[in-house]
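Q:
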Amino acid sequence: MDSVVTQTRPVADERFDTARIAAAVDALAEKHAGREDLFRAATAQLLKAEMIAARATAQAVLLRDRHGRRCAERLCFVQDEIIRILFAAATRHLYHSPIPSGAERMAVVATGGYGRGLMAPESDIDLLFILPYKQTAWGEQVAEAILYCLWDMGLKVGHATRSVDESIRQARGDMTIRTAILETRFLTGDKPLYDELVERFDREVVQGTAAEFVTAKLAEREERHRRAGQSRYLVEPNVKDGKGGLRDLHTLFWIAKYVYRVRETDELLERGVFDAQEYRTFRRCADFLWSVRCNIHFFSGRAEERLSFDMQREIAIRLGYTSHPGMQDVERFMKHYFLVAKDVGDLTAILCAKLEDQQAKPAPVLSRMMARLRPSTVRRRVPDSDDFIVDNNRINLAAPDVFKHDPVNLIRIFRLAQKNNLAFHPDAMRTVTRSLKLVNTQLRDDPEANRLFMEILTSNDAEIVLRRMNETGVLGHFIRAFGKIVSMMQFNMYHHYTVDEHLLRCVGYLQEIERGGNDEFIVASDLMRKIRPEHRAVIYITTLLHDIAKGRPEDHSIAGAKVARRLCPRLGFSAADTELVAWLIEQHLTMSTVAQSRDLSDRKTIENFAAVVQSVEQMKLLTILTTADIRGVGPGVWNGWKAQLLRTLYYETEPVLTGGFSEVNRAKRIAAAQAEFRAAFTEWPEAELNSYVGRHYPAYWLKVELPRKIRQARFIRASEQAAHKLAINVGFDETRGVTELTIWAADHPWLLSIIAGACASAGANIVDAQIYTTTDGRALDTIAISREYDRDEDEARRATRIGEMIEDVLEGKLRLPEVVARRAAARGKARPFVVEPEVIINNQWSDRYTVIEVSGLDRPGLLYELTTAISKLNLNIASAHVATFGERARDVFYVTDLLGAQINAPTRQAAIKSALVHLLANDAAVAA
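For our numbering, count along the sequence shown from 1 and bump the result up by 604.
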């Protein structure tokens, strides 16, 4: 608890001229003598104006010196002075007591975050009014006068009024109150009263309860991380409550304050909790996070703690980051942010280790991994090594110089922990981090070190062990190309994690694929069992390296293949396997692109893909890699539809690669899919079922997953029984955060355009579409739109509105262009992303159709505008493949001219391209 002695006479300060403002308040008291209400209103007005001016100055200084902690201290000082002025006004002018009784005493104390002496621009203020005994009329009046004035100034104030006895009693029973009192700071009033609280809190609450407090605070931290998103590497992090954020630093200091009874952070150095370098890291992390948080508050004008995409670039510019080749300013800023978050995690581990050594808390609480193991105090040698011991079920060093004595131990420690199912002792990890200079060219080229690394990568719990290697810095030093992508974010909405975190998660999903038993990965798991045994290591190293060249000016797939060609021989791969790894990295996006944006029932698509993959073995490996890659992007990105598309592409291509022979040839697979449907769907008479099966083309049976086929069969039957010309079914996919509209209508050349227009008019953004026609001229389209409402009922109403609009347009009651134009005029704020518009027109991807691939910044109404423009260019759309990747839309249209022929004339192709690029670029300019 810090003490700040009240100034008896206000003094001038460049941050806030207290003397002048206090004199102005005195003058207002004289002017409005006898009129309390007018005096209070005038005081609130005066102080609000002064506070706004002081905040504007604080922001100007922050933009100039970029020093967040200094800004937070300055804002806190301003708030302190305002409260002191208000207390003086209340006790001198409003409720003056010439000879105060023993009960007419009060200490005004800052608590919580405000008690730390640091304040973000939009933070709440937490105050504690301490009274000697129970509440008195005088105490109540003074507290109310201060609070009402603060509220009138527009401030958010948390407050409590308690006696010292009551404070101590509540602190014993409530951990939140205990933490608040731990951080109290005297502001004004009766200092002896505050001193009594501090002395009794130390003696009656803190003593002997350190273990209880630490356990509670670390459990609280776990819960907070769970709510904010467990990973430290989420690309829209919460600066205050997220993993590696300010609250984690606060928790460290609360624990240190409680256990070591320190009052200032520099005392952590004197007590030996941190060494000089670690203490500098503590200060540097806090300074950086405060700079980010203060800028977020100033920029957003509210207590926003999430560093969302729409403000990341602005904060990067405010903090002085610039763009470099291959990395934008915002990506360099966010990389720095994630490196700081990692440092905060390291500091937490160091403090926990220190506490455990002193047995301030029970060992099993320290980590979830350790919680599973009963601690035993016996120390024993780790099997296969004299350099390491088992300490409390964790691997530790047998001697301080084990790394200097044999640098290979820097890799060996991780392999031995993995092999013997041991957790890592924080002291060992600390020593690893301090020994990184030993990871030099000699160690990187050491055959034993590389053999151990490949064992780590291809053994159980590889993701966990590699993450520890990454956190200590060993992984980035041992594979230097990996070091370049540590904490690197990509400024887009598609990737949920930093590049290194994505790669480690992909390795985890690859292990899940190999274990089998998860229906999400049924095809990939089956293929994993069928690849050649020597290619197991190939798929693991490819998965770890596939995005390793992100952030370079060159295409990351090509640059990544070059990295693999240099690295793999060192890791023990043959020339042929090295070339295979390089090929897989170079092609790692191909299968996903073809599956999601090409017509898989078009023979040419399959032949072209077969020409790229060259062999069944390479296609197996590419399918496994693609599955792990999509799953590792983030929650909701992998789904049954994408799994089915990959499966279809694989089995359509297999016969081409095997010269006509296929384990499951096409006709058999169609029959198998239909038989699977018949077996699962037994509700209808056989004649009706046979008739229904005959209505769908082969593509439907191959590309749609079984649960959806069953839902659609029920929906179509119900619609036809009710004699609906047009029917819409609404479903919700919570994993992907989308609402699905299934539309059953008579096929119509403009149907897709009308559906897209109706969605645009309702402000609904289409994220993907599955479009099928039946043999009897009906259309069955499934459109996924981004959710707008939390409640399913509200989403259902919006979907109904879209359905009514489609019906009205088809019946000629409504003109879509006018409705869409009105909606476009009212479109909200621009998005923070830039996507270069691209249009590719190609006759090589199909023998019958010209394929138009359009890529640009996604927005509501884009699909409608594209389909309308294509129709106005006198083109027929045979099929459309709609997909979004975060903020990027990639829509592919298979088209012919009005006579059903491909578009071959270069001038006609150029005109189509020009019109569509203009449409995309025009909107990008409007958005900017």
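All residues carry an ideal CB built from backbone N, CA and C; glycine is no exception.
Quick one: is F1265 buried, meaning 16 or more other Cβ sit within 10 Å of its Cβ, or exposed?
A: If you number the sequence shown from 1, residue 1265 lands on position 661. Bear in mind that the predicted position of F1265 carries a pLDDT of just 48, short of 50, making it unreliable; the figure below should be weighed with that in mind. By the neighbour-count rule (16 or more Cβ atoms within 10 Å), F1265 is not buried but exposed.
Q: Measuring CB atoms only, is the region 1107-1115 touching the region 1235-1252, in the sense that at least three cross pairs come out at less than 8 angstroms?
A: yes
Q: Between the Cα of D769 and the Cα atoms of I734, R1019, A749 and L786, which residue gives the shortest distance?
A: In the sequence shown, counting from the first residue as 1, residue 769 sits at position 165. When only C-alpha atoms are compared, the closest one is I734.
Q: Once the 5 residues before and after T612 are set aside, which same chain residues still bring their CB inside 8 angstroms of it?
A: Along the sequence shown, one-based indexing puts residue 612 at 8. A caution first: T612 carries a pLDDT of 45, below 50, which makes its placement in the model too unreliable to give a value.
Q: With respect to 8 angstroms, is the separation between the Cβ of T819 and the closest non-hydrogen atom of the ligand GDP below this value?
A: With respect to the ligand GDP, the structure shown offers nothing to examine, as it has no ligands at all.
Q: Buried or exposed: where does Y1393 fall if 16 or more other Cβ atoms within 10 Å of its Cβ makes it buried?
A: In the sequence shown, the residue the question calls residue 1393 occupies position 789. Exposed, by the Cβ-count rule.
Q: Distance, Cα to Cα, K1023 vs T1488?
A: In the sequence shown, counting from the first residue as 1, residue 1023 sits at position 419. In the sequence shown, counting from the first residue as 1, residue 1488 sits at position 884. Roughly 42 angstroms separates the two Cα atoms.
Q: Okay, do the region 797-808 and the region 767-786 touch, 3+ Cβ pairs below 8 angstroms being the bar?
A: yes
Q: On a CA-only basis, which of E748, L1420 and V1297 is nearest K1313? Give me that one, please.
A: By 1-based counting over the sequence shown, the position of residue 1313 is 709. Checking every option, the nearest Cα to that of K1313 belongs to V1297.
Q: Skipping 5 residues on each side, what residues in its chain have a beta carbon closer than 7 angstroms to that of R1253?
A: Here residue 1253 corresponds to residue number 649 of the sequence shown, with the count starting at 1. Looking at the sequence itself, residue 1253 is Leu, so the reference to Arg does not match. Contacts found: M1195, V1198, A1199, L1204 and F1213.
Q: For T610, which residues from the same chain have a beta carbon less than 8 angstroms from its beta carbon, with the 5 sequence-adjacent residues on both sides left out?
A: To locate residue 610, count along the sequence shown from 1; it is residue 6. Its pLDDT being 40, under 50, T610 is placed unreliably in this model, and the value from its coordinates should be taken loosely. R688, F790, L791, T792, G793 and K795.
Q: With H, G and I counted as helix, E and B as strand and the rest as coil, what does DSSP make of L872?
A: Residue numbering aside, residue 872 sits at position 268 when the sequence shown is read from its first letter. Reduced to three states, the DSSP call for L872 is helix.
Q: Going straight from the alpha carbon of A880 to that of G812, what length do you get?
A: The count along the sequence shown starts at 1 and reaches residue 880 at position 276. The count along the sequence shown starts at 1 and reaches residue 812 at position 208. Cα to Cα, the separation comes out at about 29 angstroms.
Q: Going by C-alpha distance, which of V809, G1460 and A747 is nearest F777?
A: Reading the sequence shown from its first residue, position 173 is the one you call residue 777. Before going further, note that residue 777 is Gly rather than Phe in the sequence given. Per the C-alpha coordinates, the member of V809, G1460 and A747 positioned closest to G777 is V809.
Q: Helix, strand or coil for T1045, going by three-state DSSP, please let me know.
A: On the sequence shown, residue 1045 is found 441 positions in, with the first residue counted as 1. It is helical.
Q: Run through DSSP, which three-state label would T1404 get?
A: Counting from one through the sequence shown, the residue named residue 1404 turns up at place 800. The answer is helix: DSSP assigns T1404 an H, G or I state.
Q: From S1483 to V1438, what distance separates their C-alpha atoms?
A: Position 879 of the sequence shown, counting from 1, holds the residue named residue 1483. Position 834 of the sequence shown, counting from 1, holds the residue named residue 1438. Going by the C-alpha atoms only, they are around 28 angstroms apart.
Q: From this set, P1510, T1511 and L1356, which residue's C-alpha is nearest L1466's C-alpha?
A: Locating residue 1466 in the sequence shown gives position 862, counting from the first residue. Comparing Cα positions, the closest option is L1356.
Q: I'd like to know whether the C-beta atoms of L679 and R659 end up nearer to each other than 9 angstroms.
A: Translated into the one-based positions of the sequence shown, residue 679 becomes position 75. Translated into the one-based positions of the sequence shown, residue 659 becomes position 55. Yes, Cβ-Cβ distance for L679 and R659 is below 9 angstroms.
Q: Label Y1304 either buried or exposed according to how many other C-beta atoms from any shown protein chain fall within 10 Å of its C-beta, with 16 as the threshold for buried.
A: Start at 1 with the first residue of the sequence shown, and residue 1304 comes out as number 700. Answer is buried; the Cβ neighbour count reaches 16.
Q: Roughly how many angstroms separate the alpha carbons of R1072 and A676, rounded to a whole number?
A: For this step, residue 1072 is matched to residue 468 along the sequence shown. For this step, residue 676 is matched to residue 72 along the sequence shown. Rounded to whole angstroms, R1072 to A676 spans 34 angstroms at the Cα level.
Q: Let me confirm a value: G846 is counted as buried when at least 16 other C-beta atoms fall within 10 Å, else exposed. Which label applies?
A: As a position in the sequence shown, residue 846 is number 242, starting the count at 1. Buried.
Q: Between the beta-carbon of V1090 and the beta-carbon of N1074, is there less than 9 angstroms?
A: For the purposes of this step, residue 1090 is identified with residue 486 of the sequence shown, where counting begins at 1. For the purposes of this step, residue 1074 is identified with residue 470 of the sequence shown, where counting begins at 1. Yes.
Q: Could you check the C-alpha separation between G719 and D799 for me, to the nearest Å?
A: Taking the first residue of the sequence shown as 1, we reach residue 719 at position 115. Taking the first residue of the sequence shown as 1, we reach residue 799 at position 195. Looking at the two C-alpha atoms, the distance is approximately 15 angstroms.
Q: List in chain order: all unbroken beta strand (DSSP E) runs of 3+ residues lying wholly within the region 768-806.
A: 789-793
Q: Have a look at S1518 and V1413 and give me their C-alpha separation to the nearest angstrom.
A: Residue numbering aside, residue 1518 sits at position 914 when the sequence shown is read from its first letter. Residue numbering aside, residue 1413 sits at position 809 when the sequence shown is read from its first letter. Between S1518 and V1413, the C-alpha separation is close to 29 angstroms.
Q: Taking 9 angstroms as the cut-off, decide whether the C-beta atoms of L1479 and V1499 are in contact.
A: Here residue 1479 is taken as the residue at index 875 of the sequence shown, counted from 1. Here residue 1499 is taken as the residue at index 895 of the sequence shown, counted from 1. Result yes, Cβ atoms of L1479 and V1499 sit closer than 9 angstroms.
Q: Would you kindly check if the distance between the Cβ of R619 and the Cβ of T647 is under 9 angstroms?
A: Indexing the sequence shown from 1 puts residue 647 at position 43. Indexing the sequence shown from 1 puts residue 619 at position 15. Taking 9 angstroms as the Cβ cut-off, T647 and R619 do not qualify as a contacting pair.
Q: The beta strand (DSSP E) that contains H713, what's its start and end?
A: As a position in the sequence shown, residue 713 is number 109, starting the count at 1. At residue 713 the sequence reads Val, which differs from the His that was named. A711 to A714 is the extent of the beta strand (DSSP E) around V713.
Q: Does DSSP classify Q1374 as helix, strand or coil?
A: Here residue 1374 refers to the residue found at position 770 of the sequence shown. If DSSP states are grouped into helix, strand and coil, Q1374 belongs with the strands.
Q: Measure from the alpha carbon of E1158 to the alpha carbon of each residue in M915, G930 and L751, then state which is nearest.
A: In the sequence shown, the residue the question calls residue 1158 occupies position 554. Cα-wise, what sits closest to E1158 is G930.
Q: Which of the three DSSP states is assigned to R1072 in this structure?
A: Residue 1072 sits at position 468 when you count from the first residue of the sequence shown. Correct three-state label for R1072: helix.
Q: Exposed or buried, T1146, counting other C-beta atoms within 10 Å across all chains shown (16 or more means buried)?
A: Looking up residue 1146 in the sequence shown gives position 542. Looking at its Cβ environment, which holds 16 or more other Cβ atoms inside 10 Å, T1146 is buried.
Q: Comparing the C-beta of M1073 with each C-beta of chain D, is any distance below 9 angstroms?
A: In summary, chain D is missing from the structure at hand, where a single protein chain is found.
Q: Only counting the same chain, and skipping five residues up and downstream in sequence, which positions put a Cβ closer than 6 angstroms to that of Q916?
A: For the purposes of this step, residue 916 is taken as residue 312 along the sequence shown, with counting starting at 1. V934, listed in sequence order.
Q: Would you call the CB atoms of Y1101 and V1237 closer than 9 angstroms?
A: One-based indexing of the sequence shown puts residue 1101 at position 497. One-based indexing of the sequence shown puts residue 1237 at position 633. Going by C-beta atoms, Y1101 is nearer than 9 angstroms to V1237.
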